[in-house]
Structure formats: C-alpha cells, structure tokens
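One structure is given below, encoded as structure tokens.
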Amino acid sequence: MGNITVESLDKVPVEEQRVELVERKGVGHPDSICDAIMEDISVALCGEYMSTFGDTAHHNIDKGLLVAGVTSPKIGGGTVDEPMELVFGDRSIYEAGGKRVPVGEIAEMTVKRWLTENLRFVDRFFDSPQTYFQRKKEIRRAAMDFVDKERRNFEQVRVDVNTLDDETRGEEGMYLTVLGTSAEGADCGQVGRGNKVNGVIALNRPMSTEAAAGKNPVSHVGKIYTFLTHFMADEIY
C-alpha cells in the first residue's frame, strides 16, 4: 500500500466560528423520500441477488426524481387532487447463469411498501386550529427537552417551529399537508440532495457530494469510501 498523505485545513475550526449553518431534512422531505426509496430498492435487490446467485450482482439504483403533485389540505381530511410521480432507475442485472431476478417487480413492490409505511393522511389527526397549535406546542417542548440533553457547550438554545403560523387566521394561518410531505403540492425531490451519510447537510464543513443512496454497497467505491471515512473518524476521535 502506498503512503497516506494527511493535510491540515488552514482555517478557523468550525466549533470556533460564530455561526454554523446545518440542515437536516425530515423523512417527509422530497429529497429524503427519493434517497430512502432508492436505498431500500438496493437493499431488496441485494437480498434477492444473494438468494438467487449467492452474491451481490451489479446494480446502481441511484437516479430518481419525485415530481410534486397537487393536494387540497383541510382540517379533518384533505384530498389528493393530482398524485405525485416518481421516476427512477439506472442499471441492474436481471439474469445470469440461466437464473432470473424480477428487478422491476421488486422495485415497484419496495416503492409501494415505503410509501404505505411512511406517508399518512396526517391532516385527519387535526379536528380544529386549537388542536393544531396545541400539538405544535407539544412538538416544540419535546424538541427543547431533547436539545437540553445534547446542548453541550451552548449557552442558550431557542427552538422555533413553523414560524409563519398565525393563530388569528384560523386554518389559513396553519402549515397543513395531506400526506405529511411538501412533495404533495409544490416541492420536487431528487436523489443526492438529501442528508449526507452523517445524517445532516453541514454547509460549513468539508463534505462529499457523493449521493450514496441506492449505489451498490460492495462495489461502488464512492459509497464505500464515503462510509469508510466516517468509520475512520469515529475510531480516531
């Protein structure tokens, strides 16, 4: 093995900077949806490949686009007027040694299962604006309890939730969705734009632009090295 070269970054460490911006996209974010579904398809294919061929065959399911739909959110239950559209694919082995794997069927079944398990008609859980704002307070309180346990060296922590809400406007002043995702009515998604392998998007820190979701876990060097760097960092620090 050749020599390993390690260089230092000549800049103020992030923990010593006054401001750090970090984003974490939730399960219902369109980009998170794309990443999660593509990764689940890859995992399902790996299982079928192992069962059929005794090894993980070549595949990369890392190209995906979620096209936003149209909904009419309403307290007590809205409607899906135009469904979202998911376009995905890339390449995968269908047949080898006279044995065949139903790639298309596995992919479609995995997508349907993920959507069923993770997208719900969430607006049905609110029967009034009062219930909405009460739940919002409960969510903020739970977030504060969690942050207080993890605040470390922060002197003060403030948590804001849905800052554009306005109780005086009733239903019009609430952030409502039908299925719990902005993709239902306005926001599109794409593989690779969601959280990185470390679970966040840390804009102030060095990070890979590798879209790990859906890539072959045993042969794609970009995915392997991305995970390996985190394992190494955990061992070092």
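Letter by letter, the sequence shown follows residues 1414 to 1650 in our numbering. Backbone N, C-alpha and C fix where the C-beta goes; we use that ideal spot for every residue, glycine too. Just so we're clear, the structure is a prediction, and the values are computed from it rather than from any experiment.
Consult DSSP for residue i and reduce its assignment to one of helix, strand or coil.
{"i": "Ile1506", "result": "coil"}
{"i": "Phe1501", "result": "strand"}
{"i": "Thr1622", "result": "coil"}
{"i": "Ser1455", "result": "helix"}
{"i": "Tyr1543", "result": "Residue 1543 is actually Gln in this sequence, not Tyr. Looking at Gln1543 - three-state DSSP - the assignment turns out to be helix."}
{"i": "Asp1558", "result": "helix"}
{"i": "Val1427", "result": "helix"}
{"i": "Glu1551", "result": "helix"}
{"i": "Thr1469", "result": "coil"}
Identify, in the order they occur along the chain, each residue of the same chain with its Cβ nearer than 8 Å to the Cβ of residue i, setting aside the five sequence neighbours on each side.
{"i": "Asp1655", "result": "This structure cannot settle anything about residue 1655, because the visible part of the chain is limited to 1414 through 1650."}
{"i": "Lys1424", "result": "none"}
{"i": "Gln1430", "result": "Asn1617"}
Just checking my contact of residue i with residue j at CB under 8 Å: how many whole Å lie between their CB atoms?
{"i": "Val1613", "j": "Thr1639", "result": "Wrong, their Cβ atoms sit about 14 Å apart, outside the cutoff."}
{"i": "Val1427", "j": "Asn1617", "result": "5 Å"}
{"i": "Glu1574", "j": "Asp1536", "result": "Looking at the sequence provided, one finds Val at residue 1574 rather than Glu. Not quite, the Cβ-Cβ distance comes to about 17 Å (not below 8 Å), so this is no contact."}
{"i": "Asp1600", "j": "Pro1443", "result": "5 Å"}
{"i": "Gly1593", "j": "Ile1446", "result": "Not confirmed; about 10 Å, so no contact."}
{"i": "Ala1470", "j": "Tyr1462", "result": "4 Å"}
{"i": "Glu1584", "j": "Pro1542", "result": "6 Å"}
Output needed for residue i: all residues of its chain with C-beta closer than 7 Å, excluding positions within five of it in sequence on either side, in chain order.
{"i": "Met1451", "result": "Ile1474, Asp1475, Gly1477, Phe1501, Val1604, Ala1626, Gly1627"}
{"i": "Phe1534", "result": "Gly1490, Val1591, Leu1592"}
{"i": "Trp1527", "result": "Ala1449, Ile1450, Asp1453"}
By Cβ distance below 6 Å, which residues in the same chain neighbour residue i in space, the five residues on each side in sequence not counted?
{"i": "Ser1455", "result": "Ile1474, Gly1627"}
{"i": "Glu1436", "result": "Ile1614"}
{"i": "Leu1499", "result": "Leu1479"}
{"i": "Ala1457", "result": "Ile1519, Thr1523"}
For the beta strand (DSSP E) that residue i lies in, which residues bound it at each end?
{"i": "Leu1641", "result": "Here Leu1641 belongs to no beta strand (DSSP E); instead the alpha helix (DSSP H) covers 1634-1649."}
{"i": "Gly1724", "result": "Outside the shown range of the chain (1414 to 1650) lies residue 1724, about which nothing can therefore be said."}
{"i": "Thr1492", "result": "1492-1495"}
{"i": "Val1440", "result": "No beta strand (DSSP E) holds Val1440; DSSP gives it neither H nor E."}
For the alpha helix (DSSP H) containing residue i, list its first residue and its last residue.
{"i": "Gly1517", "result": "1516-1531"}
**OP:** May I have a chain-ordered list of the beta strand (DSSP E) segments no shorter than 3 residues that lie completely inside the stretch 1571-1632?
**Re:** DSSP runs (the beta strand (DSSP E)) wholly in the stretch 1571-1632: none.
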